[in-house]
Every structure is written in C-alpha cells, then in structure tokens.
Amino acid sequence: MRDSRRARIVLGVLLSAALIILTVDHRSGESSPLRQLRAAGAYVFGTAEQFGVGLIRPVGAFVQAVASAPSAQRRIDALKEENAKLRAGLVAGRLDADRAKELDRLLGLAGTGGYKVVAANVVARRGLPGFEDAVEIDVGTGDGIQRDMTVLNGDGLVGRVLHASAHTSTVLLLSDPASSVGARLEGGKEIGVVHGVGENGRLVQFRLLDSTASMSRGGRIVSFGSKNGRPYVPGVPIGIIERVESTPGELTRIAYARPYADMTALDVVGVVVEAPKRNPRDAVLPGKERPR
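For the sequence shown, my numbering gives the first residue as -16, with consecutive numbering after it.
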C-alpha cells in the first residue's frame, strides 16, 4: 500500500517536471536551453525510424511480389502465347509468299509449253509396295485428275499420277527406280529413256538408244512425250547431264543427269489435264525465249 502511494507521487512529480520543461521549451523557441537535447533526441529517434523503414521496405516488397506473382505469371504466359501467334503468322506469311512464287513459276512453265494444269499441294510422302518414291497431292478425280497424267512443277518434270481417288492422288516420282520416261536430248532427235535410281532423286539415269550419238556433260534433257500425252506430255524439262559413262561395245550410251525439280522439296505442283496442241520441243527449257 505504501509502495503504490510512493509510485503515484513519483509519477506525479515526473509528469509535472515534463510539463514544466515542455512549457519552457515551447515559450523559449529557438533560444531554448533544451534545443541541443531536442536535436539529439530527434537524431536518435530519426535514425531508429530510418532503420526500421529500411528493414521493413524489402519485407513489404517481397510480400507484394508474392501477392502479385500469379497475375504476373498469367501476363507472362499471355505474352508468350501472343508472341507464338505472331511467329506462326510470320511463318505462314513466308510460306504463302513462297507458294505464290512457286505457283507463278508453275503457271509460267505451263503457259510456255501449252499445258493445261490443275494446281495441287504435296501433302505427304508415301511409300507403296513396289515403289520407293511417291507423294500424295490434294486433288483427285473430283478435280479432273486421272491415272497416268503428267505431274510437273515450276522447274520441270516431277512424275506421273499412279492412282487417283475422289480428293487425293498418288504421284510416282521421276526418281523412283520403277519410273521410266521417254526423253530426248536438247537440239536433236536422239532419244532415250530416263530411269530413276533412288538416292532421293539427286540423279536420274539417261540411256541413249544410239550408242554413236554425241552426248556430253551439260547436255539438257526434255520429255519425248507419249501417245495422247499420257503418261508424259512432250517438252517438259527433265534434267542436266552431269556424268557420261564409258560403255565401249554397248548398244546404248548411259549418262546421269541432275533433275531440274528437287524431289526432296516438293510443295506446289501441277497435274497436266490437257496435252499441248503442238510439241513445244525445247521452248520450255530454262533460258529459252517463250513463244509469242
């Protein structure tokens, strides 16, 4: 009981002293004798406040980052998806531009040779019993396509239609070992047969029927043509001779030619649905002037 009374007295004295000091300091203003003590207190407590803020700020930033992480991740995912769509659009644009160029070249070749064609896209590479190199195209009997029609692209001969269904067709490529095409050397009447030798169509074999006829590297070969233009129409560029074999005593001469059409990169092709009214001879070969 006595201790509590003493504590109250001490507290009252301290409060009275504090009020007196505050009153004197306030009335004295800048000339207050307590100015230095007040500045020291402000420095101590201000430093403590800055330290507390510096300690709390990173913690607050971390808490805020954790709280906003799901929305940030969603934004990142959305940006990634948008970028992927933009990239896909650019790729599609490039593909469309490339196909447009291929189609222009195809139509130019067809116009020069007088071939009526149905344009098509190669949609798959196919392997068939007895055949190595074949592709599927996206046109069929519904588009007027029939078996044994010539297939070409803007560079030259591709092959022939092996089978046609309502909406798709199978094309046997020039490079297939089972493929054979009647062919002729540029600028002459020497004829022979082109056979595929596989190897992804890098080369084809040209067997010239006259063993005494002149044949050399750089010579160009075109299709000779079949009866009624099937399976092959005349005048389609086939390839350029790269190597001539030495065949002494043989009845034929053999050479290997590089096809104009790249059999490993086929995209836009054309199926010849109507043969030319006259043989274009060598007019379709690259560098030749187109007939007027």
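Glycine included, each C-beta is placed from N, C-alpha and C at the ideal position.
Small disclaimer: the values here were computed from a predicted structure and weren't measured.
Rounded distance between the beta-carbons of residue j and residue i, thought under 8 angstroms
i, j, result
"Val141", "Val154", "7 angstroms"
"Leu186", "Ala240", "7 angstroms"
"Gly202", "Ile224", "4 angstroms"
"Ala196", "Glu173", "4 angstroms"
"Gly123", "Thr151", "5 angstroms"
"Leu89", "Ala80", "Their Cβ separation, rounded to whole angstroms, is 15 angstroms, which puts Leu89 and Ala80 out of contact at 8 angstroms."
Sub-7 angstroms separation of residue i and residue j beta-carbons
i, j, result
"Gly170", "Pro242", "no"
"Val180", "Ala166", "no"
"Arg200", "Thr235", "no"
"Ala149", "Gly127", "no"
"Asp265", "Glu85", "no"
"Gly175", "Leu157", "no"
Cutoff 6 angstroms; reference residue i; Cβ partners in own chain excluding five residues on either side
i, result
"Val227", "Met198 and Ala238"
"Asp138", "Tyr243 and Ala244"
"Glu257", "Lys99"
"Leu145", "Thr153 and Leu155"
"Ala161", "Phe114"
"Pro112", "none"
"Pro269", "none"
"Met246", "Leu156, Ser158 and Gly184"
"Gly24", "Because Gly24 carries a pLDDT of 47, less than 50, the predicted location of this residue cannot be relied on, and the following value inherits that uncertainty. Within the same chain, Gly24 has no close Cβ partners at all."
Endpoints, beta strand (DSSP E) assigned at residue i
i, result
"Ser152", "Ser152 to Leu156"
"Ala244", "Taken as a continuous stretch (DSSP letters only), Ala244 belongs to no beta strand (DSSP E), as it is neither H nor E."
"Glu225", "Pro220 to Val227"
"Ile120", "Phe114 to Ile120"
"Lys99", "Lys99 to Leu111"
"Glu233", "Element bounds for Glu233: n/a, residue is neither H nor E."
"Val255", "Val251 to Glu257"
Same chain, Cβ closer than 8 angstroms to residue i, neighbours up to 5 away in sequence not counted
i, result
"Val267", "Leu92, Thr95, Gly96, Val205, Gly218, Val219 and Pro220"
"Val255", "Ala93, Tyr98, Lys99, Val100, Met132, Thr133, Val134, Leu135, Gly212 and Val216"
"Lys260", "Gly97"
"Thr230", "Ser194, Arg236 and Ile237"
Own chain residues within Cβ distance below 7 angstroms of residue i, not counting five before or after
i, result
"Tyr215", "Thr133, Arg143, Val164, Gly165, Ser206, Gly208 and Ser209"
"Val106", "Glu119, Ile120 and Asp121"
"Asn104", "Ile120, Asp121, Asp250 and Val251"
"Asn262", "Gly208, Pro217 and Gly218"
"Glu233", "Ser194"
"Arg108", "Val118"
Min CB distance residue i to chain D below 7 angstroms
i, result
"Val227", "Note that chain D does not occur in the displayed structure, where there is just one protein chain."
Identify every run of the alpha helix (DSSP H) within the region 133 to 219, keeping only runs that are complete inside it and at least 4 residues long; order them along the chain. none
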